[in-house]
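Chemist:
Number of protein chains: 2
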Amino acid sequence: MPAPPVLLAGLYLALTLIGAALLSLPFAATQDISVGDAIFTATSAVTVTGLSVVDVGASLTLFGQVVLLVLIQIGGVGLMTFAVLLLSSLGLQINTHSRHVLREDLNQSSTHDLMGLVRSVIRISLAVEAAGVVVLALVFVPELGFRQGLWYALFHSVSAFNNAGFGLRADSLIQWVSDPIINLAVPALFIIGGIGFVVIGDIMEKRRWRLLSMHTKLMLVGTVALTVYGMAGFAVLEWTNEDTLGRLETVGAKLAASWFQSVTTRTAGFNTVDLSQIHDSTALMMIALMLVGGGSASTAGGIKVTTLMVALMATVAFFKQRSPRAFGRRIGPDQVLKVMALTTIAMLTMLTGLFLVSISHDGDFLDLAFEVASAFGTTGLSRGSTGELDTLGRTVMIVLMFLGRVGPLTIGYLLATRKVSRVKFPEGRVYLG
Amino acid sequence: MPAPPVLLAGLYLALTLIGAALLSLPFAATQDISVGDAIFTATSAVTVTGLSVVDVGASLTLFGQVVLLVLIQIGGVGLMTFAVLLLSSLGLQINTHSRHVLREDLNQSSTHDLMGLVRSVIRISLAVEAAGVVVLALVFVPELGFRQGLWYALFHSVSAFNNAGFGLRADSLIQWVSDPIINLAVPALFIIGGIGFVVIGDIMEKRRWRLLSMHTKLMLVGTVALTVYGMAGFAVLEWTNEDTLGRLETVGAKLAASWFQSVTTRTAGFNTVDLSQIHDSTALMMIALMLVGGGSASTAGGIKVTTLMVALMATVAFFKQRSPRAFGRRIGPDQVLKVMALTTIAMLTMLTGLFLVSISHDGDFLDLAFEVASAFGTTGLSRGSTGELDTLGRTVMIVLMFLGRVGPLTIGYLLATRKVSRVKFPEGRVYLG
Ligand SMILES: [K+]
Ligand SMILES: [K+]
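Chains G and L, in that order, give the protein sequences. Under UniProt numbering, the first residue of the first sequence carries the number 1, and numbering increases by one thereafter. Under UniProt numbering, the first residue of the second sequence carries the number 1, and numbering increases by one thereafter.
Structure (structure tokens):
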């Protein structure tokens, strides 16, 4: 029996290959799709990234689109379910103290009720997606007729809730840039999907700020702060850019587009503005936001909002010369160590990926950095370079999407089962900085 | 009395302004230098960065060059001396246990002998620089005559030992790309200057690997690993580039140039190859190396080799499910916290700087990133964009050089005097990654 992380990665690899095989069937596409394109598309769907080398709406048949949507659903909610399953399997291996910590964190009366959590995840997902279909149908059915409109509503609802970023139009949601329903319903779907089930469960149960767990408070504060930061940044930098916000006529439309681009960056992947036209400074800001991503155990990717928050709080704590804490709770050294490991791995992976892609492709460096961050953060936003990559470049992108989706979870599993070293080393000191 | 870190920053600001005033004197330059250029140049010298908006050899008179060299000497060794002075002042404030830790780290029998350390620093600096003058004179005197040759030898010896990167030619050391003495003596000077006085003292005293402190071992292993990595990377990526290594005729010359460019990147700042002609992938690798920099309490900048090493060891430890350690010594949670704070601050500073510069300047993004990393790492390598920056851009670069040089030390002071919080917070847990 291989170790669980290896098993998990293997399962997702298998799912990807099955998806690629299905997408390669003659009746899955209206035109020939190469094996490489099929693997890329299946990986992008299973990892809920949304980067695409084919035009989903035009090149895939209804069958192909259904295959894609199933991959998205399994990849998005399935990985989340797996996370919970992992936690449950791990509940049997850890000592009583850790189990109590775990139980408190999950706000459960017993670690054996984790299967109940899994059922809640499935239930909430289906409920939210169904609500999404109804609301989005209000936009799509009048425009596209009943059958196609309903299919659009279903596809975009599932894709949005799972933070997959796949749409049926080549230009994502640009034509609905000022549509109020699209600007509210789609972000609502991917924010709910991306904030993490534990947070949703905590809010549904407690309903009062004071009672919420530290994790939930950190997620809520972090999400609001990042959203405001991204929205203000996008608005200020792009307000007069004639190719993006400048062409929109009302202040409301500009703010709506800034709001949408801010929330989509962590890690939904839809866009209502042509991202190839944004300024370099805006692209840099979006790269940072894509790498942060959404919440743990959610349909979102990135290093996660809480990882950033703990890094910031550790920095503040260091300057204030005390141990890191938030909302009256201490953040232990093991959690700082985890953040250190996560950010180091993320940085090295991002740099290595960018390095390899820049060897194989001579395009604009910032555009490449944008695509690499989008792949590793499983965001799916694009400035167009992904389509231009050669085989090496696309292979790197496939690996990055896979690592971006499976990596953090695998790391999480390793942490949860850590054992204490029996050898006690004397402490050495090192000069830093 | 202001807090010591504020005082330290104020002292360096004062030194910079005095230097700028001296460089603005009519007999300091052969042509008019603007106030902005004088401030930029003085900052670059005091922070031993080496980025320049004037041609030092052509635009400054001998008086101007002497002013520059004095600023470099105070900035390079002076900050180091200040670091030791800070440690000594702090030895009076910390408890007995911490003092013992400090004493062990400094390999001293008493914390009151720190003034002896300061004297050693000055002595070693002068001895190494004098040796550098003699060796470099062998190259410069035959080429430029006795007086100018000796001045070149003195200027480059001091500039190299202090990792300042300032040369007297507009194209740095490119014309000596294959000269064996330049390829050995100059790197020897900046490696000795940049590895850290504590390391040199430890090696001089112990002379045997087994007896060296953990810090020294980490620095030696890290320096060798980074040098080999940078040299191999530069050679592989640039071997056939007709504008860099490709134009060199022998394998030996190509390897020598690769060696030089590898060691100079952390953070000497001289170059023997035209860096505006290197590939994007090479530039990315060099950006990473510039941000790492050299050793703590040395003339080098960057987040420091040991900071990278601890981050890597913390990551390994996390995966191996044990506490971080190296060479049989444990690395405590407070040191991981410090690394976390340093890297977070470095990342935010680098991103903010790049963001501001990219708003004010529409040049190639990678070139801008290169200059920003060069300023913050106080490296001084340039692909040419620094000269093109407007006032906002140059101001950002000045601030980055200052933060790159003063920041880590200031942080170090804060750490060393940290007090323990008397309130005990219950530990909370947070989902990460
Ligand atoms: K996505
Ligand atoms: K330098």
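Every residue, glycine too, gets a C-beta built ideally from N, C-alpha and C. Just so you know, these numbers come straight off a predicted model, no measurement behind them.
1) Within 8 Å, do at least three Cβ pairs link the segment 124–138 of chain G to the segment 266–278 of chain G?
2) Would you check whether ligand 1 has a heavy atom nearer than 7 Å to the C-beta of L:N162?
3) Straight-line CA distance for G:F260 to G:F40?
4) Among the residues of its own chain, which have a CB less than 8 Å from the CB of G:I181, if the five just before and after it don't count?
5) With 16 other CB atoms within 10 Å as the buried threshold, where does G:I345 fall?
6) Suppose contacts are defined by Cβ-Cβ distances below 8 Å. Is L:D280 in contact with G:F365 by that definition?
7) For the 8 Å Cβ check, are there 3 or more pairs between the segment 47–63 of chain G and the segment 24–33 of chain G?
8) Is the segment 208–220 of chain G in contact with the segment 241–255 of chain G, if contact means three or more CB pairs nearer than 8 Å?
9) Looking at the strands, I want to know which residues DSSP matches up with G:L60.
10) Taking G:K254 as part of the alpha helix (DSSP H), name the residues at either end of that continuous run.
11) Under 8 Å: do the segment 211–231 of chain G and the segment 278–295 of chain G share three or more Cβ pairs, one atom per stretch?
12) Against chain L, does G:K338 count as a neighbour if the rule is that its beta carbon must be under 8 Å from one of theirs?
13) I want to verify the contact list: residues of chain G whose CB lies under 7 Å from the CB of L:S281, in sequence order.
14) Does at least one heavy atom of ligand 4 sit under 7 Å from the Cβ of G:G196?
15) Give a single yes or no on whether G:T378 has its beta carbon closer than 7 Å to a heavy atom of ligand 1.
16) With a threshold of 6 Å on Cβ separation, who are the neighbours of L:A300 within its own chain once the five nearest residues in sequence on each side are excluded?
17) For a cutoff of 8 Å on Cβ pairs, would you count L:T391 as touching chain G?
18) Residues of chain G with a CB under 7 Å from the CB of L:F365: which are they?
19) Does L:I181 come within less than 8 Å of chain G when only Cβ atoms are used?
20) Which residues in the same chain have their Cβ closer than 8 Å to the Cβ of G:L354, if we skip the five residues on either side of it in sequence?
21) Using the C-alpha atoms, what's the distance from L:I74 back to L:R383?
22) Can the beta-carbon of G:T265 be found closer than 8 Å to that of G:T379?
23) What residue range does the alpha helix (DSSP H) around L:W151 cover?
24) Does DSSP put L:V273 in a helix, a strand or coil?
25) I'd like to know whether the C-beta atoms of G:P187 and G:V263 end up nearer to each other than 8 Å.
26) I want to see whether chain L comes within less than 8 Å of G:L17, judged by CB atoms only; does it?
27) Counting only beta-carbon separations shorter than 8 Å, does G:I345 have a partner in chain L?
28) With a threshold of 8 Å between beta-carbons, can L:Y229 be considered close to chain G, or not?
29) With a cut-off of 8 Å, does the C-beta of G:P333 fall near any C-beta of chain L?
30) Output yes if chain G places a C-beta closer than 8 Å to the C-beta of L:M285; else output no.
31) Kindly indicate which three-state DSSP category G:K320 falls into: helix, strand or coil?
32) Give the interface partners of G:F197 over in chain L, defined as CB-CB distance under 8 Å, in chain order.
33) So that I know if they touch, is there some Cβ in chain L lying closer than 8 Å to that of G:F318?
34) Determine contact between the segment 220–233 of chain L and the segment 141–152 of chain L, defined as no fewer than three beta-carbon pairs at a distance below 8 Å.
35) Given this structure, state the Cα-to-Cα distance separating L:K419 from G:K320, to the nearest angstrom.
Modeler: Taking the coordinates as given:
1) No, the segment 266–278 of chain G does not touch the segment 124–138 of chain G.
2) For ligand 1, not one heavy atom lies less than 7 Å from the Cβ of L:N162.
3) Taking the straight line from one Cα to the other gives about 27 Å.
4) In chain order, V135, L136, L138 and V139 place their CB closer than 8 Å to the CB of G:I181, counting only its own chain and leaving out the 5 sequence neighbours on each side.
5) The residue in question, G:I345, is buried, as its Cβ has 16 or more Cβ neighbours within 10 Å.
6) Closer than 8 Å, so yes.
7) Three or more beta-carbon pairs drawn from the segment 47–63 of chain G and the segment 24–33 of chain G are found closer than 8 Å, and the two stretches are therefore classed as touching.
8) The segment 208–220 of chain G vs the segment 241–255 of chain G: no contact.
9) G:A29.
10) First-last of the alpha helix (DSSP H) with G:K254: V251 to V263.
11) Judged by pairs of C-beta atoms under 8 Å, the segment 211–231 of chain G touches the segment 278–295 of chain G, as three or more such pairs exist.
12) Yes, contact with chain L.
13) Under the 7 Å cutoff, chain G gives F355, S358 and I359.
14) Ligands present in the displayed structure are limited to ligand 1 and ligand 2, and ligand 4 is not among them.
15) At least one heavy atom of ligand 1 is nearer than 7 Å to the Cβ of G:T378, so yes.
16) Excluding residues within five positions, the ones whose Cβ falls inside 6 Å are N163, G194, T267, G293 and G294.
17) Chain G contact via Cβ: absent.
18) Here the neighbours are D280, F365 and L366.
19) Under the 8 Å criterion on CB atoms, L:I181 is classed as non-interfacial with respect to chain G.
20) For G:L354, where only same-chain residues beyond five positions count, the Cβ hits under 8 Å are L368, A369 and V372.
21) Rounded to whole angstroms, the gap between the alpha carbons of L:R383 and L:I74 is 27 Å.
22) Yes.
23) Residues F146 to F161.
24) L:V273 carries a coil assignment under DSSP once its states are collapsed to helix, strand and coil.
25) Yes, these two residues count as a Cβ contact at 8 Å.
26) Among the CB atoms of chain L, none fall inside 8 Å of the CB of G:L17.
27) By this cut-off, G:I345 is an interface position.
28) Closer than 8 Å: no.
29) Chain L has a Cβ within less than 8 Å of the Cβ of G:P333.
30) When Cβ-Cβ separations below 8 Å define contact, L:M285 makes contact with chain G.
31) Of the three classes helix, strand and coil, the one that applies to G:K320 here is helix, per DSSP.
32) Going along chain L, no residue has its Cβ under 8 Å from G:F197, so there is no contact; the nearest lies around 10 Å.
33) Flagged as an interface residue toward chain L: G:F318, by a C-beta distance shorter than 8 Å.
34) Verdict: no, contact absent.
35) Confidence is the limiting factor: at L:K419 the pLDDT is only 48, short of 50, which leaves the residue's position unreliable and the question unanswerable from this model.
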